[in-house]
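According to the working numbering, the sequence shown is numbered sequentially starting from 553.
Note sheet for the following structure.
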Amino acid sequence: MGKKRVTSGMRPTGCLHLGNLLGALTNWVRLQDEYDCFYFIVDWHALTTPGGGAAVGYENVGELQNFIREMALDWISAGLDPDKCSIFVQSSVPEVAELHLLFSMITPLGWLERNPTYRDMILGYKIESPSYGLLGYPTLQAADILAYKGEFVPVGRDQEAHVNMTRDLAQRFNSLYGKQVFPITETLLTEVPKVPGLESVEKKMSKSAGNYIAFSLSEEETTEKVKSMFTDPVKIRKDDPGHPDGCVVFAFHDIYNRPELENIRGECEKGKRGCVACKMQLAGSMNRALEPIRNKRKKLEEKPEMVEEILRAGSERARNAARETLREVREVMNLPPRKDY
Ligand code: TRP
553 MGKKRVTSGM
563 RPTGCLHLGN
573 LLGALTNWVR
583 LQDEYDCFYF
593 IVDWHALTTP
603 GGGAAVGYEN
613 VGELQNFIRE
623 MALDWISAGL
633 DPDKCSIFVQ
643 SSVPEVAELH
653 LLFSMITPLG
663 WLERNPTYRD
673 MILGYKIESP
683 SYGLLGYPTL
693 QAADILAYKG
703 EFVPVGRDQE
713 AHVNMTRDLA
723 QRFNSLYGKQ
733 VFPITETLLT
743 EVPKVPGLES
753 VEKKMSKSAG
763 NYIAFSLSEE
773 ETTEKVKSMF
783 TDPVKIRKDD
793 PGHPDGCVVF
803 AFHDIYNRPE
813 LENIRGECEK
823 GKRGCVACKM
833 QLAGSMNRAL
843 EPIRNKRKKL
853 EEKPEMVEEI
863 LRAGSERARN
873 AARETLREVR
883 EVMNLPPRKD
893 Y
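Right, dumping it as C-alpha cells:
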C-alpha cells in the first residue's frame, strides 16, 4: 500500500542486448522494490511501423508472438520478479485501446505533428507513407501510462518528449472534465552507462545497427563477439603503446572491470598489455556477470507454461487497475457506464 506507481514499456524487437540490459532493465529491476511497477511489452506500438526483414511491423507480423515470448524470457531472466512487479503484454489490456480512442479525441494534431520522434522514426525507418497509428504513437503511449495512473516513467532521454506529451494530455483531460482523474507523470531519468556498439565507441549498441551482444548468447558466442570488438588500430603488437579512449574493449572494461580500470589503462598505454589478452579478460568478466541470467533463462525456456502464467497474472492485475480508471473516465465524459467495469 502507498507505493507510487511506475510504468514502462518496450517494443518487442526480438532479442534484447547489453544496451537494453545496462540501459533499462537493470534500472527496472532496482525500481521494483521501491515502487508498484507495471512493465509491459508494447505489441501495438510494434505495429505503428511497416517492419520488414528481421523487424516486426504491420507488414511483417510473422515473428510477433515469438518476439513477445523472447522479451518476457529476457525480462524475467534479467531479474524482473513477478512477485514484485506486474509483467504483461500491452494488447491483453483492451481498456488501453479504449483510452487511446478517447484520448485521440482531445489530442491536438499540432502536438503530434511537432513531436520530434515522429520525424526521427520516418527518417530512421525510411517510411514513405506514415500511418495514422504512427502519428498517434505518443497518444497510445499516454494511454499506456495513464490507464494505470503511472506517476513515474523510467525511460531514456529519447522518450522525454513522449512523457511530456503524456503530462500535457493528463492536464488537458483533467481541466476539460473538471476532475483530477490523472496524475501528472514524471520522467525518471537515471544515469546509465553508455554502451557502445562493437564497431565504434562513437556508436550506440542497437538492434537495428547489428552491433550488439544479445544476452541470450552462450558463453562461447559472447567471447566471439568480444573478440570482434574494435580496438586501437595503431596498436599492432603487444608492446605498441595503445590509446584506450577510442577502444571499444576499454569502454566495456569501464562497465565490467571498473576497479581495475586505471591499471588496464596504464598497461595499455605503456605497451604492457596485448589486445588479445585484454579481450579475454573482458570476456571472462562479462561471462561471469551474464551467467546467472543465462542459467535462469535456460530454466525458464524449459517451462513455457510458467512464463504464460506470469503474463496472465500480470495482465489480470493490469486490467483491474485499468478498468477502475476507465470507469472514472467514462463517468466524467458522461458516457454510459459499462457493467463489466
Ligand atoms: N516508446 C517507448 C520506446 O520506444 C515504448 C513505450 C510504449 C513506453 N509505451 C510506453 C515506454 C509507456 C514507457 C511508458 O522505448
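Every residue, glycine too, gets a C-beta built ideally from N, C-alpha and C.
| Asked | Found |
| --- | --- |
| Beta-carbon within less than 7 Å of residue 622's beta-carbon, same chain only, minus the 5 sequence neighbours each way: which residues are those? | 566 and 567 |
| For the alpha helix (DSSP H) that contains residue 619, what are its first and last residues? | 616–629 |
| Count Cβ pairs between the stretch 711–721 and the stretch 684–693 that sit closer than 8 Å; are there 3 or more? | yes |
| Cα separation between residue 554 and residue 775? | 45 Å |
| Please report how far the alpha carbon of residue 753 lies from the alpha carbon of residue 824, in whole angstroms. | 23 Å |
| With three or more beta-carbon pairs closer than 8 Å as the criterion, would you say the stretch 622–639 touches the stretch 846–861? | yes |
| If you scan the stretch 585–619 from start to end, which runs of the alpha helix (DSSP H) of 4 or more residues do you find wholly inside it? | 595–598 |
| Check each candidate in 768, 781 and 869 and name the one with the smallest Cα separation from residue 755. | 781 |
| Identify the continuous alpha helix (DSSP H) that holds residue 691 and give its terminal residues. | 689–698 |
| Tell me, to the nearest whole angstrom, how far the beta carbon of residue 749 is from that of residue 761; I am working on the premise that it is less than 8 Å. | 6 Å |
| Cα separation between residue 686 and residue 656? | 13 Å |
| Straight-line CA distance for residue 743 to residue 576? | 10 Å |
| Ends of the beta strand (DSSP E) at residue 639? | 637–641 |
| Apart from the five residues on each side of it in sequence, which residues of its chain come closer than 6 Å, Cβ to Cβ, to residue 893? | 875, 878 and 879 |
| Going by C-alpha to C-alpha distance, which of 745, 721 and 730 sits closest to residue 737? | 721 |
| Does DSSP put residue 900 in a helix, a strand or coil? | The structure shown does not extend to residue 900, since the chain spans only 553 to 893, so no value can be given for it. |
| Looking at the structure shown, is residue 655 part of a helix, part of a strand, or coil, going by DSSP? | helix |
| What do you reckon, are the CB atoms on residue 764 and residue 573 nearer than 8 Å? | no |
| Go through its chain and collect everything with a Cβ distance to residue 638's Cβ below 6 Å, but skip five positions before and after it. | 590, 866, 869 and 870 |
| Over the uninterrupted beta strand (DSSP E) stretch that includes residue 561, give me the two end residues. | 557–562 |
| Kindly say whether residue 597, judged by its beta-carbon, lies nearer than 8 Å to any beta-carbon of chain B. | Note that chain B does not occur in the displayed structure, where there is just one protein chain. |
| Nearest CA to the CA of residue 700: which residue from 582, 588, 885 and 888? | 588 |
| Taking the alpha carbon of residue 857 as the point to measure from, which residue in 625, 563 and 605 has its own alpha carbon closest? | 625 |
| Which class does residue 823 belong to by DSSP, given the choice of helix, strand or coil? | coil |
| Can you give me the Cβ contacts of residue 640 inside the same chain, cut-off strictly under 7 Å, excluding the 5 residues immediately before and after it? | 592, 863, 866, 867 and 870 |
| Let's see if you can read the secondary structure: which residues bound the beta strand (DSSP E) around residue 753? | 752–756 |
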